[in-house]
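Under this note's numbering, the residues of the sequence shown are numbered 528 to 639, in order. First the structure, in the form of structure tokens, and then the observations on it.
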Amino acid sequence: MEKYTYNGEDFKVVISNDNWKLGLLRYSERFSCACVFERHLKTDEAFILLYGDAILYIKDENGVVEETKMEPSTVYNVLKGEWHHIVVSKDATVLVVENSDTSKENTEKVII
């Protein structure tokens, strides 16, 4: 068995294999406001709130932003191609699940 923890700031992949990777997302400046949205061109991305508070933002093709206050132990699946961003409280930890080939090369970002 392997065990992974992360208590730092921002986002860190803690385990990865050929098909998927798991990361832990924690508070940092980039997760303190809904100012940069991204979308993944090849894969969905799932978020699970473990601790604290988080709001998941989804921007549709017309630029309308929907915000969802996340509930602990609930899976939020952002579909491939959806613009999204997450804002978390200083005590939050969010588990992020995505394909192992999700990268800067197949992710677009836009400043709001």
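Note that beta-carbon positions come from the ideal geometry of N, C-alpha and C, so glycine has one too.
Counting along the chain, where does the beta strand (DSSP E) carrying V563 start and finish?
In the sequence shown, counting from the first residue as 1, residue 563 sits at position 36. It spans V563 to H567 - the beta strand (DSSP E) in which V563 sits, taken as one unbroken run.
Under 7 Å between the Cβ atoms of T620 and L577?
Taking the sequence shown and counting its residues from 1, one reaches residue 620 at position 93. Taking the sequence shown and counting its residues from 1, one reaches residue 577 at position 50. Their beta carbons are under 7 Å apart, which means T620 touches L577 by this criterion.
Spatial neighbours of T595 within its chain, please: C-beta separation below 6 Å, excluding the five flanking residues on both sides.
As a position in the sequence shown, residue 595 is number 68, starting the count at 1. The answer, listed in chain order, is L583.
I think V605 touches I585, with their Cβ atoms under 8 Å apart; what is that distance to the nearest whole Å?
As a position in the sequence shown, residue 605 is number 78, starting the count at 1. As a position in the sequence shown, residue 585 is number 58, starting the count at 1. Right, the Cβ-Cβ distance comes to about 7 Å (below 8 Å), so this counts as a contact.
Which parts of the segment 584 to 638 are runs of the beta strand (DSSP E), unbroken and 3 residues or longer, counting only runs that do not cross its ends?
With a minimum length of 3 residues, the continuous beta strand (DSSP E) runs that stay inside the segment 584 to 638 are 592 to 596, 602 to 605, 610 to 615, 620 to 626 and 634 to 638.
Which residues in the same chain have their Cβ closer than 8 Å to the Cβ of T601, if we skip the five residues on either side of it in sequence?
What you label residue 601 is simply residue 74 of the sequence shown in a count that begins at 1. Cβ neighbours of T601 within its own chain (closer than 8 Å, five residues either side excluded): I575 and L576.
Is E529 helix, strand or coil by DSSP?
On the sequence shown, residue 529 is found 2 positions in, with the first residue counted as 1. E529: coil per DSSP, three-state reduction.
Those residues which DSSP pairs with G550 across a bridge:
Within the sequence shown, residue 550 is the residue found at index 23, counting from 1. G550 is bridged to V540 and V623.
On the CB-based measure, 16 or more other CB atoms within 10 Å of its CB, does E529 come out buried or exposed?
Along the sequence shown, read from residue 1 onward, the residue named residue 529 stands at position 2. By the neighbour-count rule (16 or more Cβ atoms within 10 Å), E529 is not buried but exposed.
Please report the distance separating the alpha-carbon of K569 from that of K636.
Residue mapping note: residue 569 aligns to position 42 of the sequence shown, counting from 1. Residue mapping note: residue 636 aligns to position 109 of the sequence shown, counting from 1. Rounded to the nearest whole angstrom, the CA to CA distance from K569 to K636 is 14 Å.
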